[in-house]
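Please read the structure below before turning to the comments.
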Amino acid sequence: MNSGAALPVSVIIPAYGAADRLRSCLASLADHLPPVADVCVADDCTPDDTVVGVVREFQSRLPGLRYERRDRNVGFVENCNFAAQTGISRGNDILLLNSDTEVTAGFLEELYAVLHFHEKHGVASPRSNNATLLSIPVSERLAPAESFALWAEVKEHLPRFHVVPTCCGFCMLVKNSVLRAFGLFDPAYSPGYNEENDFICRINRTGYSAVAANQAFVFHLESASFGARKNALDSRNRHILDVRYPEYGRKVAQYMNYYRHPVDYFAPVFRGARKCILIDLYHLPAKHCGTSEFALNLLAPLVPLLEENYSVYLGLSDEAKTFFGPELTGYRVYDDSPSSPDLFDLVFKPSQVFHWQEWYRMIRLGARLAYTHLDSIAIRCEYLCGPNTRQLFKVTAEIVDLGFCISLSSKLDFERLYNIDSRFVVIPLGAMALEPSCHPGEFILLVGNAFPHKALDLAEKALAGIGNLVVLGGNDSDPAEGIKRFPSGELKRSDVFKLYDTARVVVFPSLYEGFGLPVTDALALGKNVVALDLDVNRELLDLTRSERLHLVPGFAEMRSAVAALMSAPPQPEAVLPQRTWREVALDYSRALADLLASPVNTELLRRRWDLMQTLEASKMDLEGRLSAEQAARLEWTAKHERERQGREALLDSYSWRITGPLRRLCDLGNRIWRPR
Numbered sequence: 249m250n251s252g253a254a255l256p257v258s259v260i261i262p263a264y265g266a267a268d269r270l271r272s273c274l275a276s277l278a279d280h281l282p283p284v285a286d287v288c289v290a291d292d293c294t295p296d297d298t299v300v301g302v303v304r305e306f307q308s309r310l311p312g313l314r315y316e317r318r319d320r321n322v323g324f325v326e327n328c329n330f331a332a333q334t335g336i337s338r339g340n341d342i343l344l345l346n347s348d349t350e351v352t353a354g355f356l357e358e359l360y361a362v363l364h365f366h367e368k369h370g371v372a373s374p375r376s377n378n379a380t381l382l383s384i385p386v387s388e389r390l391a392p393a394e395s396f397a398l399w400a401e402v403k404e405h406l407p408r409f410h411v412v413p414t415c416c417g418f419c420m421l422v423k424n425s426v427l428r429a430f431g432l433f434d435p436a437y438s439p440g441y442n443e444e445n446d447f448i449c450r451i452n453r454t455g456y457s458a459v460a461a462n463q464a465f466v467f468h469l470e471s472a473s474f475g476a477r478k479n480a481l482d483s484r485n486r487h488i489l490d491v492r493y494p495e496y497g498r499k500v501a502q503y504m505n506y507y508r509h510p511v512d513y514f515a516p517v518f519r520g521a522r523k524c525i526l527i528d529l530y531h532l533p534a535k536h537c538g539t540s541e542f543a544l545n546l547l548a549p550l551v552p553l554l555e556e557n558y559s560v561y562l563g564l565s566d567e568a569k570t571f572f573g574p575e576l577t578g579y580r581v582y583d584d585s586p587s588s589p590d591l592f593d594l595v596f597k598p599s600q601v602f603h604w605q606e607w608y609r610m611i612r613l614g615a616r617l618a619y620t621h622l623d624s625i626a627i628r629c630e631y632l633c634g635p636n637t638r639q640l641f642k643v644t645a646e647i648v649d650l651g652f653c654i655s656l657s658s659k660l661d662f663e664r665l666y667n668i669d670s671r672f673v674v675i676p677l678g679a680m681a682l683e684p685s686c687h688p689g690e691f692i693l694l695v696g697n698a699f700p701h702k703a704l705d706l707a708e709k710a711l712a713g714i715g716n717l718v719v720l721g722g723n724d725s726d727p728a729e730g731i732k733r734f735p736s737g738e739l740k741r742s743d744v745f746k747l748y749d750t751a752r753v754v755v756f757p758s759l760y761e762g763f764g765l766p767v768t769d770a771l772a773l774g775k776n777v778v779a780l781d782l783d784v785n786r787e788l789l790d791l792t793r794s795e796r797l798h799l800v801p802g803f804a805e806m807r808s809a810v811a812a813l814m815s816a817p818p819q820p821e822a823v824l825p826q827r828t829w830r831e832v833a834l835d836y837s838r839a840l841a842d843l844l845a846s847p848v849n850t851e852l853l854r855r856r857w858d859l860m861q862t863l864e865a866s867k868m869d870l871e872g873r874l875s876a877e878q879a880a881r882l883e884w885t886a887k888h889e890r891e892r893q894g895r896e897a898l899l900d901s902y903s904w905r906i907t908g909p910l911r912r913l914c915d916l917g918n919r920i921w922r923p924r
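Residue numbers (the numbering used here): 249 to 924.
Structure (structure tokens):
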């Protein structure tokens, strides 16, 4: 027997048969129960002596143990109500404990402390392996020992208690003052099911809360209560509950979806099983661009590296699946099928987050989050900046576990914008491993897209007349002599590299870049590249150590440099070794592996979860207000329609009063003057 301090608690164990389960329950109480007012086994008229026999076995180990037997089988609800009366009259709190439970050390002391932490705590229940929304984890059923081990792992990351929409009747500690005010279970739910939910809804309407005691654990082994009647009883009693308390279903759903503690929500990832990674590609547009090039170039070597130790999935939109289908064969794609994980140890997005909904999805799916910041053009250029892009970029950087940048220039640009230390890790990009054809080339390849910062129009004007010009990313609806344009995003990657390979000079006139993939890809093919003298291009010059990268201060100098290169005799394709995408992937895989080897940052997890709840609450509030406005508009329309119909009816009435006598006079006149 535990020698701790006595607690004013009466333990009620309703029983009907299942003597072996009761024996295990009493054995655990004998090991872990502090001295209490009494322990009562309330036998609901078991047809044999097995229950009383087990009680006699434990009389010496549990001196306060007593036995009550009903004269007839009254069912769980009324059995509990009868048994609780003695304890209530003594001023004790009542612990309702199923006979198919096994308690653990300190469970009652913790339940009692949590229950009496505040006067409005009315009921407290522990965590368990099998207790609906109080289970560890909630999302799946584990073996009792596995659940207990997981609880031991996560309990220190959980608050001591939190408010829940209902408790679980297998183990409920109810405050005496609440019982005196409200009684216990309503016999309408007899013999059982949903009686505890009704009780908690009843007391909650006056401000009392049910709380989960997260530092207490009780095993629930769940015998087959009520047998074949279970489903029918549950359905009948749930109908009673919903009629009385229509808020019940809503508050449970909201709790499960939004209000659980994030460690509770992500408990499965603490189990130590093979970790799962989601590579979030939902941002990919159904076209070729710098964003998709980076993601796909990184993906090919990165996934095999990660799959040596982790299970890797891709998250893709249906449009991207179709467009990039041939390049994505062989990968596991995340969907809502049972074979896909519900949660991931890590979600990695090879792009920054451009929309709150993207960030919301990442928060819900991953216990750890990482992304790559490409550039800050979306906030540098006001016309590209969404209504909250500036705040989104800052918030995601502050609460992501690991952020990457594709260049030091991009990192410093971001930090100067916000005057913060971003904590981003710089991993420069690589070049495609392609065999050059050693074609000397005859044209100038101008690379960019339609955005103004790519400066294609300025470069076209500067280079006019030097030679044949091929514009990758140009507008083909604007024909010009000596210029061939290919719209941005329409060419396959193989066609793009063919253009690089057959060009004489590649010009990259962009005024703003996070890195500049066209530069490294063209250099990898031994081409001369002309670009503006920007921080990022100087960084590329240091990275590639290539004499074929020519930096110029402006577009006049660009013309001179290109003209000189076009007029010079073709030189052998001197290809310097370039940083490969496999090297890039190795850097990423090492950084992601280090993140996965570290404990989940529960502080960041909580901050992200709070943000998600705020976003969801704002959405629901907006939807509610829109619904209210819609309802008001409908009511206004209906009201005015009723008024219109009333006016028309009134006019009809007046009209009949006036025209009726006239018609009768006319009829009379017609009869008098009718020709004979």
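Where a beta carbon is used, it is the ideal one built from N, C-alpha and C, also for glycine.
7 angstroms Cβ cutoff met for residue i and residue j
{"i": "residue 616", "j": "residue 649", "result": "yes"}
{"i": "residue 302", "j": "residue 315", "result": "no"}
{"i": "residue 452", "j": "residue 489", "result": "no"}
{"i": "residue 378", "j": "residue 470", "result": "yes"}
{"i": "residue 611", "j": "residue 855", "result": "no"}
{"i": "residue 466", "j": "residue 351", "result": "yes"}
{"i": "residue 813", "j": "residue 753", "result": "yes"}
{"i": "residue 939", "j": "residue 747", "result": "Outside the displayed range of the chain (249 to 924) lies residue 939, so it cannot be described from this structure."}
{"i": "residue 531", "j": "residue 588", "result": "no"}
{"i": "residue 464", "j": "residue 374", "result": "yes"}
{"i": "residue 719", "j": "residue 741", "result": "no"}
{"i": "residue 641", "j": "residue 675", "result": "no"}
CA-to-CA distance, residue j to residue i, given in whole angstroms
{"i": "residue 325", "j": "residue 858", "result": "39 angstroms"}
{"i": "residue 672", "j": "residue 354", "result": "45 angstroms"}
{"i": "residue 684", "j": "residue 806", "result": "25 angstroms"}
{"i": "residue 330", "j": "residue 609", "result": "50 angstroms"}
{"i": "residue 408", "j": "residue 841", "result": "32 angstroms"}
{"i": "residue 259", "j": "residue 343", "result": "5 angstroms"}
{"i": "residue 688", "j": "residue 818", "result": "6 angstroms"}
{"i": "residue 398", "j": "residue 459", "result": "20 angstroms"}
{"i": "residue 382", "j": "residue 846", "result": "27 angstroms"}
{"i": "residue 583", "j": "residue 696", "result": "35 angstroms"}
{"i": "residue 280", "j": "residue 312", "result": "14 angstroms"}
{"i": "residue 634", "j": "residue 602", "result": "9 angstroms"}
{"i": "residue 596", "j": "residue 658", "result": "19 angstroms"}
First through last residue of the beta strand (DSSP E) which encompasses residue i
{"i": "residue 616", "result": "614-621"}
{"i": "residue 349", "result": "349-351"}
{"i": "residue 273", "result": "Where residue 273 is concerned, there is no enclosing beta strand (DSSP E), although the alpha helix (DSSP H) it sits in stretches over 267-280."}
{"i": "residue 315", "result": "313-317"}
{"i": "residue 467", "result": "457-468"}
{"i": "residue 263", "result": "255-263"}
{"i": "residue 712", "result": "No beta strand (DSSP E) holds residue 712; DSSP gives it neither H nor E."}
Contact set for residue i: own chain, Cβ-Cβ below 7 angstroms, skip 5 residues either direction
{"i": "residue 737", "result": "535, 536, 537"}
{"i": "residue 424", "result": "336, 339, 340, 341"}
{"i": "residue 843", "result": "594, 616, 618, 649, 650"}
{"i": "residue 833", "result": "546, 549, 550, 553"}
{"i": "residue 809", "result": "778, 798, 800"}
Heavy atom of the ligand COA within 6 angstroms of residue i beta-carbon
{"i": "residue 837", "result": "Among the components modelled here there is no ligand, and therefore nothing to report on the ligand COA."}
The alpha helix (DSSP H) enclosing residue i, as first and last residue numbers
{"i": "residue 335", "result": "324-337"}
{"i": "residue 639", "result": "637-647"}
{"i": "residue 657", "result": "656-666"}
{"i": "residue 812", "result": "803-815"}
{"i": "residue 448", "result": "443-452"}
Beta-carbon contacts of residue i that lie in its chain and below 6 angstroms, excluding the five residues immediately before and after
{"i": "residue 346", "result": "418"}
{"i": "residue 257", "result": "284, 340, 341, 343"}
{"i": "residue 567", "result": "534"}
{"i": "residue 904", "result": "Bear in mind that the predicted position of residue 904 carries a pLDDT of just 49, short of 50, making it unreliable; the figure below should be weighed with that in mind. So the list is empty, once near-sequence residues are dropped."}
{"i": "residue 708", "result": "none"}
Other residues of its chain near residue i: CB distance less than 8 angstroms, five sequence neighbours each side excluded
{"i": "residue 831", "result": "678"}
{"i": "residue 263", "result": "270, 289, 290, 291, 292, 294, 299, 347"}
{"i": "residue 414", "result": "381, 444, 445, 448, 449, 458, 496, 500"}
{"i": "residue 334", "result": "258, 286, 288"}
Assigned exposure category for residue i - 16 Cβ within 10 Å defines buried
{"i": "residue 629", "result": "exposed"}
{"i": "residue 287", "result": "buried"}
{"i": "residue 462", "result": "buried"}
{"i": "residue 667", "result": "exposed"}
Interface flag, residue i vs chain C, CB-CB below 7 angstroms
{"i": "residue 765", "result": "In the structure shown, chain C cannot be found, because there is only a single protein chain."}
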